[in-house]
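Numbering (my numbering), first residue to last: 420 to 870.
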């Protein structure tokens, strides 16, 4: 299947000016940092409370406890059972959520500005006096275990999980998903959740982000009233030092009868605070982060092998993975691998031309304001500044930093950050149909595994 392209398609216009909203940062005496982003005329207000309670703060024997703890926070408080808690949120017309990632955990709500103080009271009750109902714990743990089983039947999710498992060494926590695996999740107890919450959900080092039509002094009064006497500091997180095998090899995850092959090619990437972050962002987008990227144009538009190909870096507090990905028809698996490797080699060989560079940069700069059209987007934007200690003018200088990435910086980043000799080439598909062709190309030592 070859999809025709229109060489006369309209060119994008120049990005419109945009300034990220000014914000105010203060701190309560208990160590809680309060970030306030007044947005005049905003119809909604968003409140995000971040703690150092992500997967990096759990030990491997309790993998998944961070995610389960966060999920349980929205199932009731000491005073309100699940039903009463739901009724309270409905009465106020607020939307409550709680989740975790590798580097943090978040409890949040969205409300009309007039219900901000009442929502703050409910949020404080939720994080300080969680109910941790045994029945809700068993339900959510069972849902997570069922999701793990279901992921085995989803070729894309399976490939993502197996790529991490085979990319990182056994001593590296990043070799599994942040929500934990079946062995650790099945062994978790409610006492594990209680202990984790007591250790990590503390104000010292935590952040409260409030964005919307707000008056900062009123927000500070509400924060002091509801959270000012909250005490303690979290025990912090592990300092993860990612390690990979570091040599080129092929892993086939056998899925007998599969009509498609999920491909993942990559290796260790960068950390979130890397000085190469912006060149890496542009390089990843050029490879597979926009519709007109090299991988997508070659594999989808020109060859018709896939409905879409992507590539990019996944930076965390420590270096996360770099990967290129596509789902292709089984019969073109070998060809698709060669094409993907060809594009990964090509970006390291010469500078991109001005047209390609401007199209990618203009896209990244152009979509920049769209992320902040809602108060939720603005609150989310403050999170990496808080979590990773980025400069407070980070978003004010973001577009300029993107526009400063030239063709030479892209080539330098590609040569420094993309290492073909270290590639893990993972193919999740029918091994009986794809093994011989892949082996014939001698991409590296080859291993066939089951899910």
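Ideal Cβ positions, reconstructed from N, Cα and C, are used throughout, including at glycine.
Keep in mind the model is a prediction, meaning the values are calculated, not measured.
- The beta carbons of residue 698 and residue 828 sit about 4 Å from each other, so the pair counts as a contact at 8 Å.
- The beta carbons of residue 807 and residue 691 sit closer together than 8 Å.
- Put simply, of 478, 626, 583 and 507 the residue whose alpha carbon is nearest the alpha carbon of residue 595 is 583.
- The region 531-547 and the region 477-489 do not touch, with fewer than three beta-carbon pairs separated by less than 8 Å.
- In this structure residue 574 is in contact with residue 674, their Cβ atoms being roughly 6 Å apart against a cut-off of 8 Å.
- In this structure residue 745 is in contact with residue 714, their Cβ atoms being roughly 7 Å apart against a cut-off of 8 Å.
- Restricting attention to 702, 728 and 720, the CA atom closest to the CA of residue 765 is found in 702.
- Following the DSSP letters along the chain, one finds residue 868 inside the beta strand (DSSP E) bounded by residues 864-869.
- A residue is called buried when at least 16 other Cβ atoms come within 10 angstroms of its Cβ; residue 752 meets this threshold and is buried.
- A contact between stretches requires three or more CB pairs, one per stretch, nearer than 8 Å, and the region 604-619 fails this requirement with the region 773-787.
- Secondary structure within the region 623-699: the beta strand (DSSP E) runs of 3 or more consecutive residues, fully enclosed, are 626-631, 668-673 and 679-687 (chain order).
- Counting of Cβ neighbours within 10 angstroms places residue 554 among the exposed residues, the total staying below 16.
- Here residue 801 has 454 and 628 as same chain residues with Cβ atoms under 6 Å from its own Cβ, once five neighbours each way along the sequence are excluded.
- DSSP, read as helix, strand or coil, puts residue 463 in coil.
- Between residue 688 and residue 771, the C-beta spacing is not below 8 Å.
- Within the same chain, and ignoring the five residues on either side of residue 474 in sequence, the residues whose Cβ sits closer than 6 Å to its Cβ are 485, 521 and 597.
- Taking C-beta atoms as the reference points, residue 860 and residue 757 count as a pair closer than 8 Å.
- Residue 862 and residue 678 have their C-alpha atoms roughly 23 Å apart.
- Under DSSP, the beta-bridge partners assigned to residue 470 are 524.
- Rounded to the nearest whole angstrom, the CA to CA distance from residue 864 to residue 666 is 9 Å.
- Of the candidates 559, 577, 563 and 441, 577 places its Cα closest to the Cα of residue 845.
- Three or more Cβ pairs closer than 8 Å define a contact, and the region 496-510 falls short of that threshold against the region 462-474.
- Excluding five sequence positions before and after residue 676, the CB atoms of its chain that fall closer than 8 Å to its own CB belong to 849, given in chain order.
- In this structure, residue 491 lies away from residue 542, with their beta-carbon atoms at least 8 Å apart.
- Restricted to the region 799-828, the alpha helix (DSSP H) segments that are unbroken, complete and at least 4 residues in length are 817-822, listed in chain order.
- Runs of the beta strand (DSSP E) lying entirely within the region 554-634, each at least 3 residues long, are 626-631 in chain order.
- Relative to the Cα of residue 725, the nearest Cα in the group 759, 854 and 696 belongs to 759.
- Looking at the DSSP output, residue 731 sits in a beta bridge with 742.
- Annotated three-state conformation of residue 709 is coil, per DSSP.
- DSSP places residue 516 within a strand segment (E or B) once states are collapsed to three.
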